[in-house]
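Below is one structure; the comments refer to it alone.
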Amino acid sequence: MAATEQRLSTTVLVIGTGGAGLRASVELAEAGVDVLAVGKRPKNDAHTSLAAGGINAALATMDPEDSWQQHAADTLKESYLLGDPRTTEIVTRGAARGIDDLERYGMTFAREQDGRISQRFFGAHTFRRTAFAGDYTGLEIQRTLVRRAEQLRIPVLEGVYITRILTHEGAVFGAYGFDLKDGTRYRVHADAVILAAGGHTRIWRRTSSRRDENTGDSFRLAVEAGARLRDPELVQFHPSGIIEPENAAGTLVSEAARGEGGVLRNALGERYMSRYDPERMELSTRDRVALASYTEIKEGRGTEKGGVWLDVSHLPRQTVMDRLPRVYRTLLGLQMLDITRDPIEVAPTAHYSMGGVWVRPEDHSTDVRGLYAIGEASSGLHGANRLGGNSLVELLVYGRITGRAAAAYSESLSAQPRSAAAVAEARAEVDGLLAADGPENVRALQRAVRNTMTEHAGVVRDEEGLRTGLAELAAIEKRMEDVGVHPDIAGFQDLAHAFDLKAAVLAARATLEAALERRETRGCHNRSDYPDMNEELRVNLVWSPATGITRESIPPVPEEIASLMEEVSTDGKLQE
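Written out as structure tokens, the structure reads:
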């Protein structure tokens, strides 16, 4: 018996119900445009809710001399000049409005006694510009956007897995997918599609992402629709992921812990950041702190379990309870550890995809007409190192801009051709996997991908390892021809895992090939065989299966921003 297939129609389809997807949906609904948001996870449990430390905007509430230009300068400098200057200007100029929008939707920020929004230091920011709500800022943003979406009666399909973006002659006309519980198929017709389905950090073994999220879905959907990826090798490893318990390995200890004065020590008790960045110490950039911790562990000065110590126990107990409540509760719940008394054992963890789908800075449109990408799915802002707090404001700024752009694109259409062949192909892809009855286990192959990426494309990489990784990946791709997919009484999760695997393999191939091409060390990308920066590689690497890697030049930085790109002071930032 053929699967039930529901046909839906909307003006704009948003894939992903995290902060980026919901912000775009809200913009569309407020403008009176028909929108449908679809997510494979429940909207209240999107990845955005894990973002802890804060959101950046040059509000100048704490440091009057701050400006959007300085925010842009800090962002571009710490991108190692791989960030796009136009994208950076759009985000930093629009950041304050992003905060205003959240306040308009009812979000509560931490405030000073006189009512100003409180802002704290984050690593490598010249001034205090990180607004926050305790250390659960992302959760509060997600709750706020969910509330606003409900007020606007935005239809949200939860538990639906999108398998393909439907295109005809280089333009989108919708998407195809299935219900994770009962397998019902969905064919959604839409004038425009906004892709907000996250990054690819789950293809590493230790990651701050949870199971079955950030598996590279956005990358696969975009590429198979005809888009390209930019800088997939640029992946941020956060310095402080917990080591235990194993099922929670990689869970973040927020950068706020270091922002509030936490210190890092190796197993010998040495405060080792003095060797790597004596000026900024623990408030150095994430890439430098992660590399420092990796080096300490690799050279034998790590803990028995392969980590280092992050200590906030010297801070006043009330500071920890007020400023780091989520970290406190998480460690108490997972390890029965009281961080006001004992240090936390941490290690670098795959955290954020700084590369992503190639988009235009003005509106985050892609190579495919009517297809947009936002949030961690996209690229352009972060370059080779993302500043903490920038991702949350990016999704607010571009959620608004892209919502408007998608609406304008729809308005411009005189007609929208569809393709029965494209629908049939999407349907056949799902049917084919459901009929697969081979001996290979999808979960085992996912683990194989994670092992390959961890061993050969982690914090430090080299030519031999990357080539070995590509050979291992080719073997995994061969084994995928013999997978078995077996939905059961619990639902169609096994089918979803098979699509996750397809996404992971595509994302891994793009990452390995781009990492091989970037024969230099720059920001998060550390090549032990090429330890220096290469000026010829101050380019974006753009990847697609059709063209492989091409190099894309980066526009010059405007003088008003370039003049502010000085080394960042740490005066007053370490509260000891």
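In the numbering used here, the protein residues as written are 504 to 1079. The beta-carbon is built from N, C-alpha and C at its ideal position, and this holds for glycine as well.
{"Asked": "For Val726, which of helix, strand or coil comes out of DSSP?", "Found": "helix"}
{"Asked": "Enumerated in chain order, which unbroken segments of the alpha helix (DSSP H) with a length of 4 residues or greater are wholly contained in the segment 513-537?", "Found": "522-533"}
{"Asked": "Could you tell me which uninterrupted alpha helix (DSSP H) segments, each at least 4 residues in length, are contained entirely in the segment 609-697, listed from first to last along the chain?", "Found": "640-654"}
{"Asked": "Could you tell me which of Leu737, Asp780 and Arg953 sits nearest to Arg708, measuring between CA atoms?", "Found": "Arg953"}
{"Asked": "Can you say whether Gln509 is buried or exposed, counting buried as having 16 or more other CB atoms within 10 angstroms of its CB?", "Found": "exposed"}
{"Asked": "Counting beta carbon pairs with one atom in the segment 658-665 and one in the segment 907-921, are three or more of them shorter than 8 Å?", "Found": "no"}
{"Asked": "Give a yes or no on whether the C-beta atoms belonging to Leu898 and Gly883 are separated by under 7 Å.", "Found": "no"}
{"Asked": "Using DSSP's beta-bridge definition, name the partner residues of Phe740.", "Found": "Ala853"}
{"Asked": "Should Thr1050 be labelled buried (16 or more other beta-carbon atoms within 10 Å of its own) or exposed?", "Found": "exposed"}
{"Asked": "Any contact of the segment 734-750 with the segment 843-859, i.e. 3+ C-beta pairs under 8 Å?", "Found": "yes"}
{"Asked": "State the beta-bridge partners of Val766 as determined by DSSP.", "Found": "Asp814"}
{"Asked": "When we look at the beta-carbon of Lys801 and count the other beta-carbons within 10 Å, is it buried (16 or more) or exposed?", "Found": "exposed"}
{"Asked": "For Leu539, does the three-state DSSP call read helix, strand or coil?", "Found": "strand"}
{"Asked": "Taking the straight line between their C-alpha atoms, what separation do you get for Leu835 and Asp841?", "Found": "6 Å"}
{"Asked": "Thinking just about the alpha-carbon of each residue, which of Ala540, Ser711, Ala699 and Pro567 is nearest to the one in Arg656?", "Found": "Ala540"}
{"Asked": "Taking buried to mean at least 16 other C-beta atoms within 10 Å of its own C-beta, is Gly1075 buried or exposed?", "Found": "Below a pLDDT of 50, predicted positions are generally treated as unreliable, and Gly1075, at 36, falls in that range; the measurement from the model is reported next regardless. It is exposed - the Cβ of Gly1075 has fewer than 16 other Cβ atoms within 10 Å."}
{"Asked": "Which of the three DSSP states, helix, strand or coil, is assigned to Arg761?", "Found": "helix"}
{"Asked": "Taking the alpha carbon of Ile1052 as the point to measure from, which residue in Leu732, Gly809, Val926 and Glu533 has its own alpha carbon closest?", "Found": "Leu732"}
{"Asked": "Taking the CB atoms as reference points, tell me whether Gly892 and Phe612 lie closer together than 7 Å.", "Found": "no"}
{"Asked": "Quick test of the definition: if touching needs 3 or more C-beta pairs under 8 Å, does the segment 991-999 touch the segment 947-965?", "Found": "no"}
{"Asked": "Within the continuous alpha helix (DSSP H) that includes Leu605, where are the two ends?", "Found": "Pro588 to Arg607"}
{"Asked": "What does Asn1029 pair with, by DSSP beta-bridge criteria?", "Found": "Val963"}
{"Asked": "Helix, strand or coil for Trp571 per DSSP?", "Found": "helix"}
{"Asked": "Pull the bridge partners of Ala876 from the DSSP assignment, please.", "Found": "Leu698"}
{"Asked": "Is the Cβ-Cβ distance between His989 and Thr971 less than 7 Å?", "Found": "no"}
{"Asked": "What did DSSP end up calling Ser1072 once you bin it into helix, strand or coil?", "Found": "Interpretation of Ser1072 is limited by its pLDDT of 43, a score under 50 that renders its predicted location unreliable; the figure taken from the coordinates is listed afterwards. Three-state result, Ser1072: coil."}
{"Asked": "Just the Cα atoms here: how many angstroms apart are Ala1018 and Leu724?", "Found": "22 Å"}
{"Asked": "For Ser1072, does the count of other Cβ atoms within 10 angstroms reach 16, so buried, or fall short, so exposed?", "Found": "Bear in mind that the predicted position of Ser1072 carries a pLDDT of just 43, short of 50, making it too unreliable to give a figure here."}
{"Asked": "Can you name the start and end residues of the alpha helix (DSSP H) that Arg1054 belongs to?", "Found": "That residue, Arg1054, is in no alpha helix (DSSP H); its beta strand (DSSP E) goes Gly1051 to Glu1055."}
{"Asked": "Measure the alpha-carbon distance for Val607 versus Val830 and round it to whole angstroms.", "Found": "Residue identity check: residue 607 is Arg in the sequence provided, not Val. Between Arg607 and Val830, the C-alpha separation is close to 28 Å."}
{"Asked": "Can you tell me where the alpha helix (DSSP H) holding Val1045 begins and where it ends?", "Found": "Counting along the chain, Val1045 falls outside any alpha helix (DSSP H), though it belongs to the beta strand (DSSP E) covering Asn1043 to Ser1047."}
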